[in-house]
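What follows is a short report on a single structure.
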Amino acid sequence: MHSDTPARAHVFVVEDDPTLSSQITELLQAKGFTTQQSQDGEEALLIALKTRFDLILLDVLLPSCDGFSLLQRLREKCQTPVMMLTACGAEEERIRGFNKGADDYLPKPFNSTELLLRINALLRRSMGRASQQEQFQLSLNGLTMQRQQQLVHYEGQPIQLTPIQFKLLWILARHPGETLSKPYLYQVVLEREYSRHDRSLDMHLSRVRRRLVEAGMTADRLQTMHGTGYSLT
Numbered sequence: 015m016h017s018d019t020p021a022r023a024h025v026f027v028v029e030d031d032p033t034l035s036s037q038i039t040e041l042l043q044a045k046g047f048t049t050q051q052s053q054d055g056e057e058a059l060l061i062a063l064k065t066r067f068d069l070i071l072l073d074v075l076l077p078s079c080d081g082f083s084l085l086q087r088l089r090e091k092c093q094t095p096v097m098m099l100t101a102c103g104a105e106e107e108r109i110r111g112f113n114k115g116a117d118d119y120l121p122k123p124f125n126s127t128e129l130l131l132r133i134n135a136l137l138r139r140s141m142g143r144a145s146q147q148e149q150f151q152l153s154l155n156g157l158t159m160q161r162q163q164q165l166v167h168y169e170g171q172p173i174q175l176t177p178i179q180f181k182l183l184w185i186l187a188r189h190p191g192e193t194l195s196k197p198y199l200y201q202v203v204l205e206r207e208y209s210r211h212d213r214s215l216d217m218h219l220s221r222v223r224r225r226l227v228e229a230g231m232t233a234d235r236l237q238t239m240h241g242t243g244y245s246l247t
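To get this note's numbering, take the position in the sequence shown, counting from 1, and add 14.
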């Protein structure tokens, strides 16, 4: 990946044209992004609220729920950066999109170079803000974590974790109640591509859960969402 490209970002492509959706997905994957697709508005909203994405590419004309309505409902729950894609580039449409909470607006047809440049610029701004605001200590329902010292306690009891296990728990704790997908966690925790034959992440998570349970946490707070990912509450 080009050095100016934010590494391993997870992008949600919401586009009802299957050909264009596949083209965008292939382009992003070729540049090292992980992706997920949806061609339906209501389905996309459910996925976006359950899965952590670094960026959402959102078509305006969608079945069941148009892009503007979806964005308005999404903004009630999360602040994931959104770039709207539309065949209509009229000024009033762009203003409407920005008023609903869009971060950028790209009229169709567009070329791949401009799309990538805009995506990279959005991600750099978003990740820069996240880096500045990133916490060094987390507290979640009795669980406390100190990032610099890699210390973990549950109800005051220390928990010993390996660096990989700490990183996994830290990322889950930063997004309580969200389902973080396996491809995303493989990228940010293990720093490699996800393979369904690779059970490494499952083993790390099992050991983290065991340590938490030994300290008194109920096992159901660290959930495996079968076929989807993991969630911590």
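Glycine included, C-beta positions come from ideal geometry on N, C-alpha and C.
Between the CA atoms of residue j and residue i - distance to the nearest angstrom
i: GLN237; j: ASN125; result: 41 Å
i: HIS189; j: GLU105; result: 36 Å
i: ARG235; j: PHE82; result: 34 Å
i: ILE180; j: SER52; result: The amino acid at residue 180 is misidentified as Ile; the sequence shows Phe. Taking the straight line from one Cα to the other gives about 32 Å.
i: HIS218; j: ALA101; result: 45 Å
i: ASP68; j: ALA23; result: 6 Å
i: ARG161; j: ALA44; result: 33 Å
i: LYS91; j: LEU84; result: 11 Å
i: MET98; j: MET239; result: 29 Å
i: TYR168; j: SER153; result: 10 Å
i: GLN146; j: ARG139; result: Below a pLDDT of 50, predicted positions are generally treated as unreliable, and GLN146, at 48, falls in that range; no measurement from the model is reported.
i: GLU205; j: ILE38; result: 23 Å
i: ALA58; j: ALA116; result: 16 Å
i: LEU120; j: SER220; result: 43 Å
i: LEU72; j: GLN174; result: 42 Å
i: VAL166; j: THR33; result: 47 Å
i: PRO77; j: ASP31; result: 11 Å
i: VAL27; j: LEU60; result: 14 Å
i: TYR208; j: GLY241; result: 13 Å
i: ARG210; j: GLN50; result: 16 Å
i: ILE70; j: ASP118; result: 11 Å
i: THR176; j: GLU107; result: 50 Å
i: GLU40; j: LEU131; result: 16 Å
Sub-9 Å separation of residue i and residue j beta-carbons
i: THR158; j: GLN164; result: no
i: ARG225; j: ALA233; result: no
i: PRO95; j: LEU129; result: no
i: ILE133; j: VAL227; result: no
i: ASP212; j: TYR198; result: no
Buried versus exposed call for residue i [16 or more other C-beta atoms within 10 Å across all chains shown]
i: GLN93; result: exposed
i: LEU42; result: buried
i: GLU29; result: buried
i: SER35; result: buried
i: THR48; result: buried
i: LEU88; result: buried
i: GLY111; result: buried
i: ILE109; result: exposed
Integer-rounded CB distance, given that residue j should sit under 8 Å from residue i
i: LEU215; j: LYS196; result: 6 Å
i: LYS122; j: GLN86; result: With a Cβ gap of about 21 Å, LYS122 and GLN86 do not count as contacting.
i: THR247; j: GLY191; result: 5 Å
Neighbourhood of residue i by C-beta distance below 8 Å, restricted to the same chain and skipping five residues each side
i: GLN171; result: ALA229, GLY230
i: LEU194; result: THR65, ARG66, ILE185, LEU186, GLY243, TYR244, SER245
i: VAL203; result: ILE178, LYS181, LEU182, ILE185, LEU215, HIS218
i: LEU63; result: LEU88, LYS91, CYS92
i: THR127; result: none
Nonlocal neighbours in the same chain, by C-beta distance under 7 Å from residue i, ignoring five residues either side
i: ASP80; result: GLY55, VAL74
Within-9 Å CB hit, residue i to chain D
i: GLU57; result: No chain D appears in the structure shown, which is made up of a single protein chain.
Spatial neighbours of residue i in its chain, beta-carbon cut-off 6 Å, leaving aside the 5 residues before and after
i: ALA135; result: none
Any non-hydrogen atom of the ligand GTP closer than 8 Å to residue i Cβ
i: ASN113; result: Within the structure as shown, the ligand GTP is missing, as the structure has no ligands at all.
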